[in-house]
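In terms of the working numbering, the sequence shown has 1742 at position 286, counting the first letter as 1, and numbering is strictly consecutive.
Here a beta-carbon is modelled for each residue, glycine too, at the ideal position from N, C-alpha and C.
Since the structure is predicted, the reported quantities are computational estimates derived from the model, not experimental observations.
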Amino acid sequence: MAKRIGVIGGGQLAWMMAPGAAQLGLELVIQTPGQADPAVAIAQGVVTGAIADASATATLAQQCDVITFENEFVDLPALQKLADQGVTFYPPLSAIQPILDKYDQRSALQSWGVPTPKFAVVSEQSDDATLSQFGFPVVLKARRHGYDGQGTFVLKDLATLQEKLKDAAPDHWLLEEFVPFEQELAIMAARSHTGDVVIYPLVETQQVDQVCRRVYVTQEWGRDIDTQARAIAQTILEQLNYVGVLGIELFLPANGQLSVNELAPRTHNSGHYTLDACETSQFEQQLRAVSGLALGSPALHNAGAVMVNLLGFESSESDYSTQRAQLAEIPHAHVYWYGKTQSRRGRKLGHVTVVLQEGQGRQEAEAIAQQIEQLWYPS
(Lines of atoms letter the chains of each structure in order from A and count residues from 1; the text may use other names and numbers.)
(Lines give C-alpha, C1' and ligand atoms only; values in the text may rest on other atoms or scores of the structure.)
Protein backbone atom coordinates (compact mmCIF):
# COMPACT_ATOMS: atom_id res chain seq x y z
CA MET A 1 0.00 0.00 0.00
CA ALA A 2 1.26 3.48 -0.90
CA LYS A 3 1.53 5.78 2.13
CA ARG A 4 2.90 8.99 0.64
CA ILE A 5 0.79 10.35 -2.21
CA GLY A 6 2.09 12.90 -4.71
CA VAL A 7 -0.50 15.25 -6.18
CA ILE A 8 0.09 17.28 -9.34
CA GLY A 9 -1.82 20.49 -8.66
CA GLY A 10 -2.30 22.48 -5.48
CA GLY A 11 -5.75 24.02 -5.85
CA GLN A 12 -8.93 23.39 -3.91
CA LEU A 13 -9.33 19.83 -5.20
CA ALA A 14 -6.02 18.85 -3.60
CA TRP A 15 -6.87 20.91 -0.49
CA MET A 16 -10.07 18.91 -0.01
CA MET A 17 -8.07 15.66 0.06
CA ALA A 18 -6.71 16.58 3.50
CA PRO A 19 -9.49 15.10 5.71
CA GLY A 20 -9.45 11.83 3.79
CA ALA A 21 -5.67 11.62 3.92
CA ALA A 22 -5.66 12.16 7.67
CA GLN A 23 -8.35 9.55 8.20
CA LEU A 24 -6.47 7.00 6.11
CA GLY A 25 -3.05 7.78 7.60
CA LEU A 26 -1.65 9.02 4.29
CA GLU A 27 0.70 11.92 3.60
CA LEU A 28 0.28 14.37 0.72
CA VAL A 29 3.10 15.95 -1.27
CA ILE A 30 1.92 18.67 -3.65
CA GLN A 31 3.40 19.95 -6.91
CA THR A 32 2.08 23.46 -7.48
CA PRO A 33 3.37 26.76 -8.90
CA GLY A 34 2.47 29.11 -6.04
CA GLN A 35 3.19 29.09 -2.32
CA ALA A 36 -0.22 30.70 -1.73
CA ASP A 37 -2.12 27.90 -3.50
CA PRO A 38 -4.81 26.31 -1.29
CA ALA A 39 -3.26 22.87 -0.82
CA VAL A 40 0.13 24.16 0.32
CA ALA A 41 -1.26 24.71 3.82
CA ILE A 42 -2.34 21.09 4.27
CA ALA A 43 0.52 19.25 2.53
CA GLN A 44 3.30 17.34 4.26
CA GLY A 45 5.61 18.35 1.42
CA VAL A 46 5.58 20.84 -1.44
CA VAL A 47 7.45 20.86 -4.75
CA THR A 48 7.27 24.27 -6.40
CA GLY A 49 6.74 23.99 -10.14
CA ALA A 50 4.22 24.49 -12.90
CA ILE A 51 1.65 21.75 -13.47
CA ALA A 52 3.28 20.80 -16.78
CA ASP A 53 6.86 20.93 -15.41
CA ALA A 54 8.00 17.32 -15.67
CA SER A 55 11.31 18.10 -13.95
CA ALA A 56 9.32 19.20 -10.90
CA THR A 57 7.32 15.97 -11.19
CA ALA A 58 10.59 14.02 -11.20
CA THR A 59 11.44 15.69 -7.90
CA LEU A 60 7.94 14.92 -6.63
CA ALA A 61 8.40 11.26 -7.53
CA GLN A 62 11.46 11.05 -5.28
CA GLN A 63 9.32 12.09 -2.31
CA CYS A 64 6.29 9.82 -2.69
CA ASP A 65 5.12 6.31 -3.52
CA VAL A 66 2.56 7.12 -6.21
CA ILE A 67 1.45 10.24 -8.09
CA THR A 68 -2.11 11.31 -8.83
CA PHE A 69 -3.67 14.38 -10.40
CA GLU A 70 -5.67 17.37 -9.28
CA ASN A 71 -5.13 18.98 -12.69
CA GLU A 72 -4.82 17.09 -15.97
CA PHE A 73 -3.13 19.83 -18.02
CA VAL A 74 0.20 18.03 -17.90
CA ASP A 75 3.01 17.27 -20.34
CA LEU A 76 2.05 13.67 -20.98
CA PRO A 77 5.05 12.65 -23.17
CA ALA A 78 7.44 13.96 -20.53
CA LEU A 79 5.57 12.11 -17.78
CA GLN A 80 5.70 8.95 -19.86
CA LYS A 81 9.51 9.08 -19.64
CA LEU A 82 9.19 9.09 -15.86
CA ALA A 83 6.72 6.20 -16.02
CA ASP A 84 9.20 4.27 -18.16
CA GLN A 85 11.73 4.77 -15.35
CA GLY A 86 9.35 3.21 -12.82
CA VAL A 87 7.32 6.15 -11.51
CA THR A 88 3.72 5.07 -10.77
CA PHE A 89 0.89 7.34 -11.88
CA TYR A 90 -2.79 6.79 -11.08
CA PRO A 91 -4.90 7.17 -13.10
CA PRO A 92 -2.44 5.49 -15.49
CA LEU A 93 -1.10 7.78 -18.20
CA SER A 94 -2.64 5.42 -20.75
CA ALA A 95 -6.05 6.23 -19.23
CA ILE A 96 -5.49 9.98 -19.23
CA GLN A 97 -4.13 10.15 -22.79
CA PRO A 98 -7.49 9.66 -24.58
CA ILE A 99 -9.15 12.27 -22.35
CA LEU A 100 -6.83 15.27 -22.72
CA ASP A 101 -7.71 16.07 -26.33
CA LYS A 102 -11.46 16.43 -26.78
CA TYR A 103 -11.35 14.93 -30.28
CA ASP A 104 -9.51 11.88 -28.93
CA GLN A 105 -12.00 11.72 -26.06
CA ARG A 106 -15.00 11.84 -28.39
CA SER A 107 -13.45 9.25 -30.72
CA ALA A 108 -12.74 6.88 -27.84
CA LEU A 109 -16.26 7.20 -26.45
CA GLN A 110 -17.72 6.56 -29.90
CA SER A 111 -15.57 3.44 -30.34
CA TRP A 112 -16.86 2.09 -27.01
CA GLY A 113 -20.49 2.65 -27.98
CA VAL A 114 -20.95 5.48 -25.47
CA PRO A 115 -23.37 8.15 -26.79
CA THR A 116 -21.87 11.56 -27.56
CA PRO A 117 -22.92 14.59 -29.60
CA LYS A 118 -21.89 14.42 -33.26
CA PHE A 119 -18.45 15.97 -33.75
CA ALA A 120 -15.79 16.89 -36.31
CA VAL A 121 -12.40 18.57 -36.44
CA VAL A 122 -12.61 21.91 -38.24
CA SER A 123 -10.31 24.80 -39.09
CA GLU A 124 -10.31 28.11 -40.92
CA GLN A 125 -9.75 26.11 -44.12
CA SER A 126 -12.90 23.99 -43.70
CA ASP A 127 -15.54 24.51 -46.39
CA ASP A 128 -19.05 25.77 -45.74
CA ALA A 129 -20.60 22.31 -46.00
CA THR A 130 -18.28 20.93 -43.31
CA LEU A 131 -18.91 23.86 -41.00
CA SER A 132 -22.67 23.66 -41.50
CA GLN A 133 -23.06 19.87 -41.20
CA PHE A 134 -24.64 20.02 -37.71
CA GLY A 135 -26.79 23.08 -38.38
CA PHE A 136 -26.93 26.09 -36.07
CA PRO A 137 -26.52 26.93 -33.30
CA VAL A 138 -23.37 24.84 -33.05
CA VAL A 139 -20.73 24.32 -30.36
CA LEU A 140 -17.06 25.09 -30.97
CA LYS A 141 -14.56 23.80 -28.41
CA ALA A 142 -10.83 24.10 -27.95
CA ARG A 143 -9.49 20.57 -28.21
CA ARG A 144 -7.23 21.01 -25.17
CA HIS A 145 -7.10 22.96 -21.91
CA GLY A 146 -10.72 24.07 -21.73
CA TYR A 147 -12.53 24.03 -18.39
CA ASP A 148 -15.27 26.00 -16.61
CA GLY A 149 -16.54 27.12 -20.00
CA GLN A 150 -13.18 28.43 -21.16
CA GLY A 151 -12.57 27.53 -24.78
CA THR A 152 -16.24 26.66 -25.44
CA PHE A 153 -18.44 28.79 -27.68
CA VAL A 154 -22.05 28.42 -28.79
CA LEU A 155 -22.24 30.07 -32.22
CA LYS A 156 -25.44 31.08 -33.94
CA ASP A 157 -24.47 31.18 -37.62
CA LEU A 158 -21.84 30.35 -40.23
CA ALA A 159 -20.31 33.83 -40.37
CA THR A 160 -19.72 33.91 -36.61
CA LEU A 161 -18.20 30.43 -36.72
CA GLN A 162 -15.85 31.33 -39.56
CA GLU A 163 -14.69 34.43 -37.70
CA LYS A 164 -14.00 32.45 -34.54
CA LEU A 165 -11.93 29.87 -36.41
CA LYS A 166 -9.38 32.57 -37.21
CA ASP A 167 -8.45 32.85 -33.54
CA ALA A 168 -6.25 29.77 -33.22
CA ALA A 169 -4.11 27.18 -34.98
CA PRO A 170 -5.78 24.89 -37.57
CA ASP A 171 -5.79 21.82 -35.31
CA HIS A 172 -7.14 23.71 -32.29
CA TRP A 173 -10.90 23.28 -32.72
CA LEU A 174 -13.57 20.62 -32.32
CA LEU A 175 -17.04 21.26 -33.76
CA GLU A 176 -20.03 19.61 -32.05
CA GLU A 177 -23.72 19.54 -32.65
CA PHE A 178 -25.69 21.61 -30.18
CA VAL A 179 -27.67 19.35 -27.85
CA PRO A 180 -30.97 20.97 -26.75
CA PHE A 181 -30.76 19.39 -23.32
CA GLU A 182 -33.40 19.68 -20.64
CA GLN A 183 -30.89 19.12 -17.84
CA GLU A 184 -27.15 18.74 -17.39
CA LEU A 185 -26.31 15.81 -15.14
CA ALA A 186 -23.09 14.44 -13.70
CA ILE A 187 -21.93 11.26 -12.05
CA MET A 188 -18.75 10.43 -10.17
CA ALA A 189 -17.28 6.94 -10.26
CA ALA A 190 -14.15 5.21 -9.03
CA ARG A 191 -12.20 2.08 -9.89
CA SER A 192 -9.53 0.31 -7.84
CA HIS A 193 -6.34 -1.55 -8.79
CA THR A 194 -8.29 -4.79 -8.62
CA GLY A 195 -11.11 -3.61 -10.89
CA ASP A 196 -13.69 -2.94 -8.19
CA VAL A 197 -16.04 -0.09 -9.17
CA VAL A 198 -18.20 2.23 -7.08
CA ILE A 199 -20.59 4.80 -8.55
CA TYR A 200 -21.98 7.83 -6.76
CA PRO A 201 -25.54 9.15 -7.06
CA LEU A 202 -26.53 10.91 -10.27
CA VAL A 203 -26.82 14.68 -9.77
CA GLU A 204 -28.03 17.72 -11.69
CA THR A 205 -25.57 20.55 -12.33
CA GLN A 206 -26.71 24.04 -13.25
CA GLN A 207 -24.35 26.34 -15.09
CA VAL A 208 -24.29 30.13 -15.31
CA ASP A 209 -22.01 31.54 -18.01
CA GLN A 210 -20.77 27.95 -18.50
CA VAL A 211 -19.47 27.73 -14.92
CA CYS A 212 -21.10 25.33 -12.47
CA ARG A 213 -23.23 27.30 -10.03
CA ARG A 214 -25.40 24.67 -8.29
CA VAL A 215 -25.54 20.90 -7.82
CA TYR A 216 -28.76 19.17 -6.77
CA VAL A 217 -28.58 15.72 -5.20
CA THR A 218 -32.28 14.97 -5.03
CA GLN A 219 -32.63 11.65 -6.90
CA GLU A 220 -35.67 12.60 -8.96
CA TRP A 221 -34.68 10.68 -12.10
CA GLY A 222 -36.41 7.53 -13.17
CA ARG A 223 -34.67 4.19 -13.00
CA ASP A 224 -33.97 4.23 -16.75
CA ILE A 225 -31.95 7.47 -16.58
CA ASP A 226 -30.00 6.27 -13.56
CA THR A 227 -29.32 2.92 -15.21
CA GLN A 228 -28.03 4.64 -18.37
CA ALA A 229 -25.67 6.85 -16.37
CA ARG A 230 -24.28 3.97 -14.33
CA ALA A 231 -23.75 1.85 -17.45
CA ILE A 232 -21.90 4.71 -19.14
CA ALA A 233 -19.65 5.13 -16.10
CA GLN A 234 -18.93 1.40 -15.85
CA THR A 235 -18.06 1.15 -19.55
CA ILE A 236 -15.67 4.11 -19.49
CA LEU A 237 -13.84 2.95 -16.36
CA GLU A 238 -13.36 -0.55 -17.74
CA GLN A 239 -12.36 0.53 -21.24
CA LEU A 240 -9.72 2.88 -19.82
CA ASN A 241 -8.50 0.28 -17.29
CA TYR A 242 -8.89 3.21 -14.94
CA VAL A 243 -7.60 3.58 -11.39
CA GLY A 244 -8.88 6.58 -9.45
CA VAL A 245 -11.90 8.86 -9.53
CA LEU A 246 -13.56 9.96 -12.78
CA GLY A 247 -16.07 12.76 -13.32
CA ILE A 248 -18.59 12.37 -16.15
CA GLU A 249 -20.71 15.29 -17.38
CA LEU A 250 -23.91 14.28 -19.19
CA PHE A 251 -26.66 15.83 -21.29
CA LEU A 252 -30.29 14.79 -20.71
CA PRO A 253 -32.44 15.77 -23.74
CA ALA A 254 -36.20 15.46 -24.08
CA ASN A 255 -35.97 11.92 -25.50
CA GLY A 256 -34.32 10.66 -22.30
CA GLN A 257 -31.21 9.29 -24.05
CA LEU A 258 -28.13 10.44 -22.16
CA SER A 259 -24.96 11.51 -23.95
CA VAL A 260 -21.54 12.41 -22.57
CA ASN A 261 -20.53 16.04 -22.54
CA GLU A 262 -17.04 15.76 -21.05
CA LEU A 263 -14.84 13.59 -18.84
CA ALA A 264 -12.58 14.74 -16.01
CA PRO A 265 -9.85 12.28 -14.89
CA ARG A 266 -9.92 13.49 -11.27
CA THR A 267 -12.26 14.70 -8.58
CA HIS A 268 -14.85 17.15 -9.88
CA ASN A 269 -16.93 20.13 -8.79
CA SER A 270 -20.13 18.10 -9.16
CA GLY A 271 -18.89 15.75 -6.43
CA HIS A 272 -18.09 18.26 -3.69
CA TYR A 273 -21.34 17.37 -1.93
CA THR A 274 -19.85 13.95 -1.13
CA LEU A 275 -17.73 15.52 1.64
CA ASP A 276 -20.84 15.96 3.76
CA ALA A 277 -23.55 13.78 2.24
CA CYS A 278 -21.87 10.45 1.43
CA GLU A 279 -20.25 7.73 3.48
CA THR A 280 -17.01 8.20 1.51
CA SER A 281 -16.15 11.52 -0.13
CA GLN A 282 -14.84 11.63 -3.69
CA PHE A 283 -11.52 12.91 -2.27
CA GLU A 284 -11.08 10.04 0.16
CA GLN A 285 -12.16 7.69 -2.62
CA GLN A 286 -9.41 8.98 -4.91
CA LEU A 287 -6.84 8.38 -2.19
CA ARG A 288 -8.21 4.91 -1.50
CA ALA A 289 -8.06 3.99 -5.18
CA VAL A 290 -4.54 5.24 -5.89
CA SER A 291 -3.01 3.96 -2.64
CA GLY A 292 -4.31 0.42 -3.07
CA LEU A 293 -6.91 0.49 -0.30
CA ALA A 294 -10.38 -0.98 -0.70
CA LEU A 295 -12.91 1.47 -2.08
CA GLY A 296 -15.43 2.98 0.33
CA SER A 297 -19.20 3.12 0.06
CA PRO A 298 -20.51 5.97 -2.14
CA ALA A 299 -23.97 5.84 -0.54
CA LEU A 300 -25.78 8.91 0.72
CA HIS A 301 -26.25 8.97 4.49
CA ASN A 302 -29.12 11.46 4.36
CA ALA A 303 -32.02 12.56 2.16
CA GLY A 304 -29.77 14.36 -0.34
CA ALA A 305 -27.95 17.66 -0.64
CA VAL A 306 -27.60 20.92 -2.51
CA MET A 307 -24.18 22.42 -3.26
CA VAL A 308 -23.71 26.04 -4.34
CA ASN A 309 -20.39 27.40 -5.58
CA LEU A 310 -19.27 30.72 -4.14
CA LEU A 311 -18.09 32.44 -7.30
CA GLY A 312 -16.21 35.72 -7.45
CA PHE A 313 -18.34 38.66 -8.54
CA GLU A 314 -15.74 41.45 -8.37
CA SER A 315 -12.00 42.13 -8.32
CA SER A 316 -11.12 42.17 -4.63
CA GLU A 317 -8.83 40.84 -1.92
CA SER A 318 -11.66 40.44 0.60
CA ASP A 319 -12.14 37.22 2.53
CA TYR A 320 -15.91 37.88 2.71
CA SER A 321 -16.01 36.92 6.37
CA THR A 322 -19.40 38.54 6.95
CA GLN A 323 -21.09 36.58 4.15
CA ARG A 324 -19.39 33.37 5.23
CA ALA A 325 -20.64 33.78 8.80
CA GLN A 326 -24.18 34.32 7.53
CA LEU A 327 -23.95 31.24 5.30
CA ALA A 328 -22.73 29.13 8.21
CA GLU A 329 -25.93 29.93 10.11
CA ILE A 330 -28.10 28.12 7.54
CA PRO A 331 -29.28 24.87 9.16
CA HIS A 332 -27.18 21.82 8.14
CA ALA A 333 -24.81 24.02 6.08
CA HIS A 334 -21.13 23.24 5.56
CA VAL A 335 -19.10 26.21 4.30
CA TYR A 336 -15.79 25.60 2.52
CA TRP A 337 -13.49 28.56 1.87
CA TYR A 338 -10.51 27.83 -0.34
CA GLY A 339 -8.26 30.57 1.04
CA LYS A 340 -7.59 32.24 -2.30
CA THR A 341 -6.14 35.70 -1.79
CA GLN A 342 -7.72 37.36 -4.81
CA SER A 343 -11.27 37.35 -6.10
CA ARG A 344 -12.23 37.89 -9.71
CA ARG A 345 -15.44 37.44 -11.59
CA GLY A 346 -16.32 33.75 -11.98
CA ARG A 347 -13.45 32.44 -9.85
CA LYS A 348 -14.33 29.57 -7.52
CA LEU A 349 -13.63 30.93 -4.03
CA GLY A 350 -15.49 28.33 -2.01
CA HIS A 351 -18.70 26.35 -1.81
CA VAL A 352 -21.58 25.63 0.54
CA THR A 353 -23.24 22.24 0.91
CA VAL A 354 -26.52 21.93 2.77
CA VAL A 355 -27.49 18.40 3.73
CA LEU A 356 -31.20 17.73 3.21
CA GLN A 357 -33.27 16.21 5.98
CA GLU A 358 -36.03 13.61 5.86
CA GLY A 359 -38.98 14.97 3.90
CA GLN A 360 -36.95 17.60 2.05
CA GLY A 361 -36.69 17.31 -1.74
CA ARG A 362 -36.10 19.35 -4.85
CA GLN A 363 -38.41 22.23 -3.91
CA GLU A 364 -36.66 22.73 -0.58
CA ALA A 365 -33.23 22.37 -2.21
CA GLU A 366 -34.03 25.13 -4.70
CA ALA A 367 -35.18 27.42 -1.89
CA ILE A 368 -31.94 26.76 0.00
CA ALA A 369 -29.85 27.51 -3.10
CA GLN A 370 -31.72 30.77 -3.55
CA GLN A 371 -31.08 31.68 0.09
CA ILE A 372 -27.35 31.00 -0.29
CA GLU A 373 -27.09 33.10 -3.43
CA GLN A 374 -29.03 35.98 -1.88
CA LEU A 375 -26.56 36.05 1.00
CA TRP A 376 -23.50 35.72 -1.22
CA TYR A 377 -24.13 37.89 -4.26
CA PRO A 378 -24.74 41.64 -3.89
CA SER A 379 -28.31 42.63 -4.75
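CB contact flag (residue i, residue j, <7 Å)
i, j, result
"PHE1634", "PRO1593", "yes"
"ARG1600", "ASP1560", "no"
"SER1799", "GLY1768", "yes"
"VAL1716", "LEU1565", "yes"
"SER1588", "LEU1630", "no"
"GLY1467", "ILE1486", "no"
"LYS1622", "GLU1580", "yes"
"HIS1790", "THR1778", "no"
"GLY1755", "VAL1811", "The displayed chain sequence assigns Ala, not Gly, to residue 1755. No. Outside cutoff."
"ILE1643", "ILE1692", "no"
"MET1763", "VAL1671", "yes"
"ALA1645", "ALA1689", "yes"
"ILE1523", "PRO1721", "no"
Residue i versus residue j - alpha carbon distance
i, j, result
"THR1544", "GLN1666", "34 Å"
"GLU1718", "GLU1640", "11 Å"
"LEU1708", "SER1511", "42 Å"
"LEU1469", "PHE1575", "30 Å"
"HIS1742", "PRO1475", "Residue identity check: residue 1742 is Gln in the sequence provided, not His. Using only the alpha carbons, I get a separation of about 12 Å."
"LYS1620", "PRO1573", "21 Å"
"ALA1781", "TRP1793", "11 Å"
"GLN1813", "SER1563", "42 Å"
"VAL1496", "LEU1484", "10 Å"
"ARG1647", "ASP1584", "44 Å"
"VAL1578", "GLY1462", "38 Å"
"VAL1654", "CYS1734", "12 Å"
"GLY1490", "THR1513", "15 Å"
"SER1515", "SER1550", "A small fix is needed here, since residue 1515 is Thr in this sequence, not Ser. Cα-Cα distance, rounded: 22 Å."
"ALA1625", "SER1582", "13 Å"
"GLN1830", "ARG1818", "18 Å"
"ALA1506", "ASN1527", "11 Å"
"LYS1796", "ALA1477", "22 Å"
"HIS1807", "PHE1525", "21 Å"
Terminal residues of the alpha helix (DSSP H) in which residue i lies
i, result
"THR1544", "Segment: none, THR1544 is in no alpha helix (DSSP H) and carries neither H nor E."
"SER1511", "1510-1517"
"LYS1558", "1558-1567"
"PRO1787", "Careful: PRO1787 lies outside any alpha helix (DSSP H) and carries neither H nor E."
"ARG1818", "1818-1832"
"THR1586", "1584-1587"
"THR1837", "As shown, the chain starts at 1457 and ends at 1835. That puts residue 1837 outside it, with no answer to give."
Buried versus exposed call for residue i [16 or more other C-beta atoms within 10 Å across all chains shown]
i, result
"TRP1568", "exposed"
"ASN1765", "buried"
"HIS1757", "exposed"
"ASN1697", "exposed"
"PRO1657", "buried"
"GLN1541", "exposed"
"LYS1597", "buried"
"GLN1684", "buried"
"ASP1627", "exposed"
"ASP1680", "exposed"
Opening and closing residue of the beta strand (DSSP E) in which residue i lies
i, result
"TYR1672", "1667-1673"
"VAL1502", "1501-1504"
"SER1715", "1715-1720"
"ALA1470", "No beta strand (DSSP E) contains ALA1470, which is instead part of the alpha helix (DSSP H) from 1468-1471."
"ARG1647", "1637-1647"
"LYS1597", "1594-1598"
"VAL1654", "1653-1655"
Secondary structure of residue i, DSSP reduced to three states
i, result
"PHE1739", "helix"
"ALA1477", "helix"
"LEU1621", "helix"
"LEU1696", "coil"
"GLN1606", "coil"
"ARG1460", "strand"
"VAL1810", "strand"
"THR1572", "coil"
"LYS1612", "coil"
"ALA1761", "strand"
"ILE1507", "coil"
Proximity test, residue i beta-carbon vs the ligand ATP heavy atom, cut-off 6 Å
i, result
"PRO1709", "The ligand ATP is not part of this structure, which contains no ligands at all."
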